[in-house]
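Novice:
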Amino acid sequence: MASQLTVSAGIVDLGHAQDPKEMLRFAELALRQAKSTGHDAVAVYLPGRVADGQAGERFGHLQTLSALRALARAVDMRDENTQRHSERVAALTHRLAVEMGWPPRRAGHLQEAALVHDVGKVGVPDAVLLKAGPLTEEERLIIETHPSLGARIVSEILDAEQVAWVRGHHERVDGQGYPDGLSGDDLSQGARIMAVADTWDAMTSDRPYRKALSSERALEIAIDVAGSQLDADVVAALVRLHRAGVPETQGHNQVSGFHTGAGGTASDDEAGIP
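Okay, so the sequence shown: first residue is 989 according to the working numbering, each after it adds one.
1) Evaluate contact between the stretch 1177-1187 and the stretch 1154-1163, counting only Cβ atoms and requiring at least three cross-stretch pairs below 8 Å.
2) Would you call Tyr1166 buried or exposed, if buried means 16 or more other Cβ atoms sit within 10 Å of its Cβ?
3) Are the beta-carbon atoms of Leu1103 and Ala1139 separated by less than 8 Å?
4) Go ahead and label Arg1093 buried or exposed: buried means 16 or more other beta carbons lie within 10 angstroms of its beta carbon, across all protein chains shown.
5) Can you round the beta-carbon distance between Gly1108 and His1073 to whole angstroms, since I take them to be within the 8 Å contact cut?
6) Under 8 Å, do Ala1101 and Leu1146 count as touching if we go by C-beta distance?
7) With a threshold of 7 Å on Cβ separation, who are the neighbours of Val1151 within its own chain once the five nearest residues in sequence on each side are excluded?
8) Measuring only the C-alpha atoms, how far is Lys1199 from Ser1193?
9) Quick one, are the C-beta atoms of Met1088 and Asp1221 less than 8 Å apart?
10) The alpha helix (DSSP H) with Trp1191 in it runs from where to where?
11) Using the beta-carbon count (16 or more within 10 Å), is Met1065 buried or exposed?
12) Just the Cα atoms here: how many angstroms apart are Asn1241 and Glu1010?
13) Between the Cα of Lys1119 and the Cα atoms of Leu1056, Arg1195, Leu1129, which residue gives the shortest distance?
14) Identify whether Asp1174 lies in helix, strand or coil by the three-state DSSP scheme.
15) Could you check what DSSP says for Asp1147 in three-state terms: helix, strand or coil?
16) Pick from Arg1231, Gly1172, Gly1233, Ser1202: whose alpha carbon is nearest that of Gln1217?
17) Any idea what DSSP makes of Asp1007, helix, strand or coil?
18) Measure the Cβ-Cβ separation of Val1154 and His1082 and say whether it is below 8 Å.
19) Does DSSP classify Arg1198 as helix, strand or coil?
20) Quick test of your reading: Leu1226 and Leu1084, contact by CB under 8 Å. State the CB separation rounded to the nearest angstrom.
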């Protein structure tokens, strides 16, 4: 009988601790507080002051997007190759949505969800998330829990549509994605856009098991899987943006959501890397 994975997390800002030992203590206190409230809970350590002027300890439950973003950044930082992954995916998601005619306000709504799309990876062990070789079937199933777990974590913060986008960012238009195998009208355009942005950043970033692909090779793969894995209209928008070019921004091999990573070869199954 399959059991449902649940995760609780404690968050502490680096600026709230004087040294690593104190930071760990604060994080453990926050985690203890989160666990005391039930499953899939997150608590943030907040420095407080008590009446006698001594530092007190208080906790804020995850009720703001800024705290959720902190958790997303913490997940990204577990792997040096995925640092700022969520920010890049969010930026490209917004750009693609606007390119496809979404009103700016609605595109921003989607970007907000994309920024925390991988927060469910907090429940994936490092041994699986950072594995350099092929995943076993059991490990693959563990990876595939992160969209549904992420959706549960953000459900208290984001609205229902945004939660559905987070849950659906690894679905495929042919129904072979996860966690729900959605296709056709059941798969929202927001999730389709996020999937393309996530796949693009995965392909054009270094991973433990392979080097980053060049933007040209990544674009070839995206075009090859358009209509099966990725939405063809979103891929067409990606092609238009790539051909138009964008102004250079700060970042490692980054050009406003596009990467010019090292060259390499790849097969089509590299699109959609977790």
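Heads up, the beta-carbon is just placed ideally off N, CA and C, and yes, glycines get one too. Bear in mind the structure is a predicted one, so any value in this text is a computation, not a measurement.
Specialist: With the given structure in hand:
1) yes
2) buried
3) no
4) It is exposed - the Cβ of Arg1093 has fewer than 16 other Cβ atoms within 10 Å.
5) No, Gly1108 and His1073 are not in contact; Cβ-Cβ is about 14 Å, not under 8 Å.
6) In contact: Ala1101 and Leu1146 (Cβ atoms closer than 8 Å).
7) Ala1139, Val1142, Ser1143
8) 7 Å
9) yes
10) In the sequence as presented, Trp is not what sits at residue 1191; that position holds Met. Run containing Met1191: 1177-1191, per the alpha helix (DSSP H) assignment.
11) exposed
12) For Asn1241, the predicted structure reports a pLDDT of 39, less than 50, and the residue's modelled location is therefore unreliable. A value from the coordinates is still provided. For Asn1241 and Glu1010, the distance between alpha carbons rounds to 35 Å.
13) Arg1195
14) helix
15) coil
16) Comparing Cα-Cα distances from Gln1217 to each of Arg1231, Gly1172, Gly1233, Ser1202, the minimum goes to Gly1172.
17) coil
18) no
19) strand
20) 6 Å
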